[in-house]
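A.B. asks:
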Amino acid sequence: MPMMAGFGRIENRCPQPIVIVGVSSPAFGDSSLHETRIVDGVSRMRALPELRIAPDAAATLKPGGMHLMLMQPHAPLKPGSKVVVEFALKDGGVLRGELEARKP
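For the sequence shown, the numbering used here assigns the number 7 to the initial residue and increments by one for each residue that follows.
So this is what it looks like as C-alpha cells:
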C-alpha cells in the first residue's frame, strides 16, 4: 500500500479554538493525522484522535512530529501537483487546504 506524508502549517485566525477530528482528500483512499514520538529511544507513530489549535495560534505538521498520513493514492502524483485536503472540525465545519507534491 503506497503511503505519503503531508506537511505544512495550519493557522487558526478565529477568536475561538478549533478542534480537527478528521482528515480526507479526494486524491487518496485514506488519510489521517499522526504524530511521531521517540519512546525509550525508539521512534513510534500513532494516530491522533484530534488536534486542538488555540485562537490566533498554529500547528506545524513536519517530519518527525505531527503529520498527515496519505494512503492509497488514486493516481500518481508529480512534483508540483496540488493535493486538496479537507479537515473535519468537531463543530461540524470543514477547513479546506492545499498541499504541493514534492520529491522525498
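Positions of the beta carbon are idealized from the N, C-alpha and C atoms, including for glycine.
#1: Count the other CB atoms within 10 Å of the CB of His73; is the residue buried (16 or more) or exposed (fewer)?
#2: Does the region 69 to 87 come into contact with the region 31 to 48, if we say contact requires no fewer than three beta-carbon pairs (one atom in each stretch) closer than 8 Å?
#3: Nearest by alpha-carbon distance to Glu106: which of Arg58, Asp97, Lys84 and Asp46 is it?
#4: Going by DSSP in three states, Asp36 sits in which element: helix, strand or coil?
#5: Return the first residue and the last residue of the beta strand (DSSP E) that His73 is part of.
C.D. replies: Checking against the coordinates, here is how it stands:
#1: buried
#2: yes
#3: Lys84
#4: strand
#5: Met72 to Pro79
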